[in-house]
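Asks: Residues 132 to 465 in this note's numbering are what the sequence shown lists, from first letter to last. Ideal Cβ positions, reconstructed from N, Cα and C, are used throughout, including at glycine. As the structure is a computational prediction, the values presented were derived from the model and not from experiment.
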Amino acid sequence: MFKQVSKQLAFQATRNFSTSKQSNFKVTVCGANGGIGQPLSLLLKLNPLVTQLNLYDIVGTPGVAADLSHIDTSSTTQGFKGPEELGAALKGADVVVVSAGVPRKPGMDRDDLFNMNAGIVRDIADAVSKNCPKALLAIITNPVNTVVPIAAEVLKKNGTYDPKRLFGITTLDVVRSRAFIGHGNNVDPQSVEIPVIGGHSGVTIIPVLSQSQPKYSKEIEPLTKRIQDAGTEVVKAKAGAGSATLSMAYAGARLANSLLRGLNGERNVIECSYVESTVTEARFFSTPVVLGKNGLEENLGLPKLNDYEKKLLVEALPELQKNIKKGVDFVAKS
Ligand code: LMR
């Protein structure tokens, strides 16, 4: 009886994060002691595809690693603390997830984090080049629209850039859309499919509600605005204590799991992610992509857009291009 129940619990805990085949992957979380990093590391500790989980942060990671190491899943965890241990944390990683950096406070937008977070992502990308140049690098740190181009430029400078291996995590926009549509329609959010394209801030977030399955049963425009402002909704509710951590950790773990499933040879793994592409005039743009053994296998391009969504795209592009240029200029001047 006990065996049955614990088997069932283990299944439930890993339902969203598992796959049929088993493999051995090393994952490094950068920012693992933070509000996102801790729950993200917990979810990755539950992922049967992860064999070695390395936790890096400037402080606190030995404690987080010791704590997680008491969980009865087979992966091993190790904590790495301070810039001098960053290289060791990254050595040989297959997937690196970056949540390091400072969160927003009420009244700030994601771009206001640039001064604090740009250098952090630059230095981690530099260390990735040197210690695990073939790793899939997935970035949560805000402003995603700008720090992903920063990582690309740093990797490029170091001669290790492969656009198929760099991902901005916009998964939370998809997760939120599924939640809002599911609850709005009174159906299981897990059964909702919807592409969210563009970037990860304000008007650059374009939920393609015309392609949602099932269709949203209420008014489209207020839901679009709610998805675009959902991060701010959490920032306001947390009233000075930061931004989304738990839902972001869930979203990061979902993308990491999909990257691992692709690496593991599973076919038809599709996620929306902010990647380098020629789909629009913006050099980086989130679209549905197929993930595989080399990271991004195929960019599925723009979904079919209705007139309202075409208008959203027109609004998003100049803002996105401005965000991207800021990142490129930062590295050029560094
Ligand atoms: C989010 O979407 O919740 C995150 O990007 C955090 C933020 O600042 O909004």
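Let me know the alpha helix (DSSP H) ranges lying completely inside the stretch 307-378, each 4 residues or longer, listed in chain order.
Replies: With a minimum length of 4 residues, the continuous alpha helix (DSSP H) runs that stay inside the stretch 307-378 are 351-359, 361-369.
Asks: Who are the Cβ neighbours of T159 in its own chain at under 7 Å, not counting the five residues just before and after it?
Replies: N185, Y187, A220, L221, A224, V227
Asks: Let me know if V136 comes out buried or exposed under the rule of 16 or more other beta-carbons within 10 Å of its beta-carbon.
Replies: Low per-residue confidence applies at V136: pLDDT is 33, beneath 50, and the placement is therefore not dependable, though the value from the model is reported in the following sentence. Counting Cβ neighbours within 10 Å, V136 comes out exposed, since fewer than 16 surround it.
Asks: Look up G458 in the DSSP assignment and say whether it is helix, strand or coil.
Replies: The answer is helix: DSSP assigns G458 an H, G or I state.
Asks: Taking buried to mean at least 16 other C-beta atoms within 10 Å of its own C-beta, is P234 buried or exposed?
Replies: buried
Asks: Taking T301 as the reference, which of N395, I325, V462 has the closest Cα?
Replies: I325
Asks: The ligand LMR and A384: does the residue's C-beta get closer than 7 Å to at least one heavy atom of that ligand?
Replies: Outside the cutoff, so no.
Asks: By the 10 Å Cβ neighbour count, where 16 or more other Cβ atoms means buried, how is G383 classified, buried or exposed?
Replies: Counting every other CB atom within 10 Å of its CB across the protein chains shown gives G383 a total of 16 or more, marking it as buried.
Asks: Can you say whether P338 is buried or exposed, counting buried as having 16 or more other CB atoms within 10 angstroms of its CB?
Replies: Only buried fits P338, as 16 or more other CB atoms lie within 10 angstroms of its CB.
Asks: Measuring CA to CA, which of V285, R414, L267, L174 is closest to N425?
Replies: Nearest neighbour of N425 by Cα position, chosen from V285, R414, L267, L174, turns out to be L267.
Asks: Please list the terminal residues of the continuous alpha helix (DSSP H) segment that includes N178.
Replies: Run containing N178: none; DSSP gives neither H nor E here.
Asks: Shorter than 7 Å, the distance from the beta carbon of N273 to the closest heavy atom of the ligand LMR, or not?
Replies: Yes, Cβ of N273 sits closer than 7 Å to a heavy atom of the ligand LMR.
Asks: Please tell me whether, using a cut-off of 7 Å, the distance from the CB of G362 to the nearest non-hydrogen atom of the ligand LMR is below it.
Replies: yes
Asks: Taking one C-beta from the stretch 228-248 and one from the stretch 368-388 each time, how about it: are there three or more such pairs within less than 8 Å?
Replies: Note that the stretch 228-248 touches the stretch 368-388; at least 3 beta-carbon pairs, one per stretch, sit closer than 8 Å.
Asks: Consult DSSP for V229 and reduce its assignment to one of helix, strand or coil.
Replies: strand
Asks: Please state whether the Cβ-Cβ distance between P237 and G333 is less than 8 Å.
Replies: no
Asks: Please confirm if the stretch 200-207 is in contact with the stretch 240-247, defined as three or more CB-CB distances below 8 Å between the two stretches.
Replies: no
Asks: Measuring from the CB of L354, is there a heavy atom of the ligand ADP at a distance below 7 Å?
Replies: With respect to the ligand ADP, the structure shown offers nothing to examine, as its ligands consist of the ligand LMR.
Asks: Please classify V160: does DSSP put it in a helix, a strand, or coil?
Replies: strand
Asks: Quick check on V410: does DSSP put it in helix, strand or coil?
Replies: coil
Asks: So for D243, helix, strand or coil by DSSP?
Replies: D243 carries a helical assignment under DSSP once its states are collapsed to helix, strand and coil.
Asks: Using alpha carbons as the reference points, say which of P419, L448, P449 lies closest to K435.
Replies: P419
Asks: Over the uninterrupted beta strand (DSSP E) stretch that includes V420, give me the two end residues.
Replies: Its beta strand (DSSP E) spans residues 415-423.
Asks: Using a Cβ distance threshold of 8 Å, determine whether the stretch 356-370 contacts the stretch 210-220, with at least three qualifying pairs required.
Replies: Touching, no.
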